[in-house]
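Per UniProt numbering, the very first residue in the sequence shown carries number 1; after that it's consecutive.
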Amino acid sequence: MRATLFTSTCLNRRWNRWNHFKCGIDEKMIKETVPKKSTFPSGIKALADYVHGKGLKLGIYRDAGYFTCSKTMPGSLGHEETDANSWGFDYLKYDNCNHDGSKPTVRYPVMTGALMKAGRPIFISLCEWGDMHPALWGAQVGNSWRTTSDIHDTWESMVSRADTNEFYAKFAMPGGWNDPDMLEVGINGGMTKNEYVVHFSIWAVFQGTTEASLLL
Numbered sequence: 001m002r003a004t005l006f007t008s009t010c011l012n013r014r015w016n017r018w019n020h021f022k023c024g025i026d027e028k029m030i031k032e033t034v035p036k037k038s039t040f041p042s043g044i045k046a047l048a049d050y051v052h053g054k055g056l057k058l059g060i061y062r063d064a065g066y067f068t069c070s071k072t073m074p075g076s077l078g079h080e081e082t083d084a085n086s087w088g089f090d091y092l093k094y095d096n097c098n099h100d101g102s103k104p105t106v107r108y109p110v111m112t113g114a115l116m117k118a119g120r121p122i123f124i125s126l127c128e129w130g131d132m133h134p135a136l137w138g139a140q141v142g143n144s145w146r147t148t149s150d151i152h153d154t155w156e157s158m159v160s161r162a163d164t165n166e167f168y169a170k171f172a173m174p175g176g177w178n179d180p181d182m183l184e185v186g187i188n189g190g191m192t193k194n195e196y197v198v199h200f201s202i203w204a205v206f207q208g209t210t211e212a213s214l215l216l
């Protein structure tokens with residue numbers, strides 16, 4: 001059941017069958033993911049329209065499961081078409097947590113199909129952690145694919161990802177790229193300055209995406 005289905009008051013009363021306590025239920029919330037009002041008071045689409053009006057682009061993080069990895073927000077599994085039609089974003093990072101046990105090769109194409117049907121150009125970043133060698137099939141589903149599990153801000157973790165992506169370099173092509181994961185430069189200080197220089201340099205010459213995740 002979706003995380004946004006009932007208000008906290010209803011949940012705290014520990015209902016045990018459909019609307020047992022006559023809680024106020026928004027039928028729309030059963031079918032769609034409702035934006036968190038404290039974060040998106042005007043809705044996600046309104047935010048997208050505003051940013052596009054400034055000549056910029058923006059992306060969204062979602063999950064091919066019932067919940068995102070934090071387990072605090074609903075995922076898109078089973079709601080791909082309604083989600084794809086409601087965003088209006090230019091970039092999707094699609095994670096792989098809290099799913100139903102089916103293979104990424106089954107779940108991920110559903111969202112891709114929904115986005116293509118929605119008709120808006122979008123960069124689709126597959127993040128299934130390299131479990132099923134997405135370099136072999138990712139180009140048919142998205143524009144980039146994570147080749148490994150999450151990187152950490154250490155020299156050993158960075159070198160491990162570099163070695164893996166060297167092997168997968170031959171599978172990259174225009175419009176379909178290996179994703180070695182985010183740059184760790186400037187995050188937590190887990191490497192020396194010289195090690196960060198090496199890290200940035202290797203990522204720059206990869207047959208892959210170069211991305212950073214920082215607070216602006």
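Glycine included, C-beta positions come from ideal geometry on N, C-alpha and C. Source: prediction; values computed, not measured.
- Taking each of W129, G175 and M173 in turn and checking the Cα distance to M182, the smallest one comes out for W129.
- Looking at the DSSP output, D179 shares a beta bridge with R146.
- Along the segment 36-80, the alpha helix (DSSP H) occurs as fully enclosed runs of 4 or more residues at 44-53, listed in sequence order.
- Leaving aside the five residues that flank G175 on each side, the residues in its chain whose CB is nearer than 8 Å to its CB run, in chain order, A139 and N143.
- In the three-state scheme derived from DSSP, where H, G and I count as helix and E and B as strand, L214 is classed as coil.
- With contacts defined by Cβ atoms closer than 8 Å, V205 and Y196 do not form a contacting pair.
- No Cβ-Cβ contact shorter than 8 Å links D49 with G78.
- Nearest to W177 by alpha-carbon distance, out of V141, S42 and P104, is V141.
- Residue environment for N194: exposed (fewer than 16 other C-beta atoms within 10 angstroms of its C-beta).
- As a beta-bridge residue in DSSP terms, F123 pairs with Y91.
- Annotated as proximal: D83 and R62, with beta-carbon spacing under 8 Å.
- Using a Cβ distance threshold of 8 Å, I124 and T105 do not count as a contacting pair.
- Per DSSP, the unbroken alpha helix (DSSP H) holding V198 starts and ends at K193 to V205.
- Taking 8 Å as the cut-off, the beta carbon of G190 is found closer than this to the beta carbon of D153.
- Distance between Q207 and P180, taken at the CA atoms: about 9 Å.
- Annotation for P104: the continuous alpha helix (DSSP H) segment containing it runs P104 to A118.
- M132 carries a coil assignment under DSSP once its states are collapsed to helix, strand and coil.
- Counting along the chain, the unbroken alpha helix (DSSP H) around E166 starts and ends at W155 to Y168.
- When the five nearest sequence neighbours on each side are left out, no beta carbon in the same chain lies closer than 8 Å to the beta carbon of G101.
- D95 and A118 have their C-alpha atoms spaced approximately 20 Å apart.
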